[in-house]
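**Q** In the order they appear, the protein sequences are chains A and B.
Under the numbering used here, think of the first position of the first sequence as 1, with each following residue one higher.
Under the numbering used here, think of the first position of the second sequence as 1001, with each following residue one higher.
2 protein chains.
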Amino acid sequence: MKKITIGEAARRSGVKVPTVRYYESIGLLAAPSRSEGNQRSFEPADISRLTFIRHARELGFEIEAIRTLLTLQDDPHQSCASADAIAKARLVEVEQRIRSLMALKAELETMVEGCGHGRVDQCRVIEVLADHGQCTRPHH
Amino acid sequence: MKKITIGEAARRSGVKVPTVRYYESIGLLAAPSRSEGNQRSFEPADISRLTFIRHARELGFEIEAIRTLLTLQDDPHQSCASADAIAKARLVEVEQRIRSLMALKAELETMVEGCGHGRVDQCRVIEVLADHGQCTRPHH
DNA sequence: CCTACATCCTCTAGCGACTAGAGGTGCAAG
DNA sequence: CTTGCACCTCTAGTCGCTAGAGGATGTAGG
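#1: Under 7 Å between beta-carbons, which chain B residues line up against A/Phe52? List them in chain order, please.
#2: Does the beta-carbon distance from B/Ser1041 to B/Ser1033 come in below 8 Å?
#3: Compute the distance between the beta-carbons of B/Thr1101 and A/Leu59, then report whether it is under 8 Å.
#4: Cα-Cα, which of B/Leu1028, B/Gln1073, B/Asp1075 and B/Gly1037 is closest to B/Glu1064?
#5: May I ask you to list, following chain order, the residues of the stretch 1071-1086 of chain B that have a beta carbon less than 8 Å from some beta carbon of chain A?
#6: Where B/Glu1043 and A/Ile86 are concerned, what is the direct C-alpha to C-alpha distance, given to the nearest angstrom?
#7: I need the straight-line Cα distance from A/Ile47 to B/Gln1096, nearest angstrom please.
#8: Taking 8 Å as the threshold (beta carbon to beta carbon), is B/Leu1003 in contact with chain A?
#9: Going by beta carbon distance, what residues of the same chain come within less than 8 Å of A/Phe61, once the five residues before and after it are set aside?
#10: Is the Cβ of A/Ser48 closer than 8 Å to any Cβ of chain B?
#11: Under 8 Å, Cβ to Cβ, is there at least one residue of chain B near A/Val15?
#12: Taking the alpha-carbon of B/Lys1016 as reference, which of B/Thr1051, B/Gln1039, B/Asp1131 and B/Lys1003 has the nearest alpha-carbon?
#13: What first and last residue would you give for the alpha helix (DSSP H) that runs through A/Asp75?
Rendered as structure tokens:
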């Protein structure tokens, strides 16, 4: 068994070194064994776990959701309903966020298009911000 | 001149009371005059400013960007180019965020659809998270 | 005038998920 | 043996608020 250093683990999993330590500190990752010189020595399973976490984070799952997903993964005989529910909830969140960002985009476009590149007193950007009634779509 | 209390200002601007104080503390809003009993007394101009801030925050502008936008608004003879640049930068950010969320949505949908509602060892949700190679689209 | 109650005040600490930096140790190559 | 990088722990900072403690003020009713 060759020792995997934290730097190596970071490179393989795509999680940054301080973040690996952070995950250990909050108990998301079990504390690995140490070398004689007190340096962390990871197992291949830790790399998988870190990769799992990174991927879930990229998908926008919160740490607490990931914690739940990881305990599910650790016990493969459990029902998959919780995992499903977590993913579905995240999907709803993402859909809502997209809708809200689309409305935002429309408003920003109006602002930017309306900018005559002159002085501030004729600037549509400032104007729209100052007076919400100017928004073409009432979205918030 | 009738005195506008912080509660009244919050109600009129849609910014919460502690947030109004927070904005004052970071210098986004000038410190208002005080009543005999040391209570804040706002002017109508403060309400406009708070509304401006709230609107800009809803559009996702960062506090520092809003600070710049506000100084622009305070001096209407300046060129509108900075305001324009800030808005455009925000637009680009929003567009990128939308694209990334769309990719995410697609991946979450695959996960949720693939869930057979059985046990974890057959669960696509867990599986996809564990092994990124399973992603249909390589987006990150 | 007194009391009840809402609203106000300041101050500190906490949230999530890291990130940065100080100050020190381990280890491998030349 | 020294150079220099990677590692260690610990604390504090980031952003934009939010929560709570502990106390003062303002207002309406009796």
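Built from N, CA and C at the ideal position, the CB exists for glycine as well.
On a predicted model such as this, the values are computed, not experimentally measured, just so you know.
**A** Let me spell this out:
#1: Contact of A/Phe52 with chain B by beta-carbon distance below 7 Å involves Leu1129 and Ala1130.
#2: The Cβ atoms of B/Ser1041 and B/Ser1033 lie closer than 8 Å to each other.
#3: A quick correction: the sequence has Leu, not Thr, at residue 1101 of chain B. For the pair B/Leu1101 and A/Leu59, the CB atoms are not nearer than the 8 Å cut-off.
#4: Taking B/Glu1064 as reference, the option from B/Leu1028, B/Gln1073, B/Asp1075 and B/Gly1037 with the minimal CA-CA separation is B/Leu1028.
#5: Under the 8 Å Cβ criterion, the stretch 1071-1086 of chain B contributes Leu1072, Gln1073, Asp1075, Pro1076, His1077, Gln1078, Ser1079, Cys1080, Ala1081, Ala1083, Asp1084 and Ile1086.
#6: Taking the straight line joining both Cα atoms gives about 47 Å.
#7: Between the alpha carbons of A/Ile47 and B/Gln1096 lies a gap of roughly 30 Å.
#8: The sequence as given places Lys at residue 1003 of chain B; Leu does not occur at that position. Taking Cβ atoms only, chain A never reaches closer than 8 Å to B/Lys1003, which makes this a no.
#9: For A/Phe61, where only same-chain residues beyond five positions count, the Cβ hits under 8 Å are Leu69, Ile86 and Arg90.
#10: Yes - at least one Cβ of chain B is within 8 Å of the one on A/Ser48.
#11: Under the Cβ distance rule, A/Val15 does not count among the residues neighbouring chain B, no pair being separated by less than 8 Å.
#12: Of the candidates B/Thr1051, B/Gln1039, B/Asp1131 and B/Lys1003, the one whose C-alpha sits nearest the C-alpha of B/Lys1016 is B/Thr1051.
#13: First-last for A/Asp75: undefined, no H or E at that position.
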